[in-house]
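Peer 1: Take this structure first; my questions come after.
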Amino acid sequence: MKIVVIQGPNLNMLGVREQGIYGSMKLEDIHGQMNAFAQKDKIEIEFFQSNLEGEIVDRIQECLGDADGIIINPAAYTHTSIAIRDAIAAVQIPTIEVHLSNIYQREEFRHKSLIAPVCAGQIAGMGPFSYHLAMVGMKQILVELAALREHKAKAQQA
Ligand code: DQA
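According to the numbering used here, the sequence shown is numbered sequentially starting from -3.
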């Protein structure tokens, strides 16, 4: 089971940027916690951060045939990027959208996610814990998909 975690623009600035909104935890620390969860559950995990839309599209495309699940915080691209949405739709890998802040409580331009309609789910507003919840959710999705596949294979044999 392999999960790729994709972090969008300015998330490399966590711990420095707008601490009142995003808290004081650095991105490396969030990744450290996710790593610990993954290790405990024997999940392979990879992390990627970019400030560039095209690089994020490339990384999503690279997940095809390689990753079982994607956890993505598209950051500001959440509200603008048809390209990232199309990439997620193209690879058809279960994807969970994550936000540290409650985007629905903030400026109106953050209320709309172009990404959410192509995701299995969205977690927002729980601070760094949003990422932990995304890991729990993704694990559940992948376990259920594996069970479904096994069930189908058995049914074909019968
Ligand atoms: C964010 C919310 C976005 O609106 C914003 O542009 C970000 C971070 C979040 O995690 O709360 O950069 O995705």
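We put the beta carbon where it would ideally sit given N, CA and C, even for glycine.
1. Taking only three categories from DSSP, how would you classify GLU156?
2. Taking the straight line between their C-alpha atoms, what separation do you get for TYR73 and ALA154?
3. Considering only residues of the same chain and omitting the five flanking positions on each side of LYS(-2), which have a CB-CB separation below 6 angstroms?
4. Would you list the residues whose beta-carbon is nearer than 6 angstroms to any heavy atom of the ligand DQA, in the order they occur in the chain?
5. Under 8 angstroms, with one C-beta from each stretch per pair, do the region 21 to 35 and the region 80 to 92 reach the 3-pair mark?
6. By the 10 Å Cβ neighbour count, where 16 or more other Cβ atoms means buried, how is GLN3 classified, buried or exposed?
7. Measuring CA to CA, which of GLY50, ALA71, GLU51 and GLN152 is closest to LYS108?
8. By the 10 Å Cβ neighbour count, where 16 or more other Cβ atoms means buried, how is VAL1 classified, buried or exposed?
9. Which term fits HIS95, buried or exposed, when burial requires 16 or more other beta carbons within 10 angstroms of its beta carbon?
10. Suppose contacts are defined by Cβ-Cβ distances below 8 angstroms. Is GLU49 in contact with ILE26 by that definition?
11. Using DSSP's beta-bridge definition, name the partner residues of GLU140.
12. If we count the other Cβ atoms within 10 Å of its Cβ and call it buried at 16 or more, is ILE17 buried or exposed?
13. Comparing the CB of LEU96 with every heavy atom of the ligand NAP, is any distance shorter than 7 angstroms?
14. Helix, strand or coil: which one does DSSP assign to VAL1?
15. Considering only C-alpha positions, which residue in the set ALA143, ALA142 and VAL132 is nearest to ASP37?
Peer 2: Once the coordinates are examined:
1. Examination of residue 156 is not possible in this model, given that the chain is present from -3 through 154 alone.
2. 48 angstroms
3. GLU40, ALA63 and ASP64
4. ASN6, ASN69, ALA71, ALA72, THR74, HIS95, LEU96, SER97, ILE99 and ARG106
5. Counting C-beta pairs closer than 8 angstroms gives fewer than three between the region 21 to 35 and the region 80 to 92, which falls short of the contact rule.
6. buried
7. ALA71
8. With 16 or more Cβ atoms within 10 Å of its Cβ, VAL1 is classed as buried.
9. With 16 or more other Cβ atoms within 10 Å, it is buried.
10. GLU49 places its beta carbon 8 angstroms or farther from that of ILE26.
11. Partner(s): none; GLU140 has no beta bridge.
12. exposed
13. Of the ligands this structure carries, namely the ligand DQA, none is the ligand NAP.
14. Per DSSP, reduced to three states, the secondary structure at VAL1 is strand.
15. VAL132
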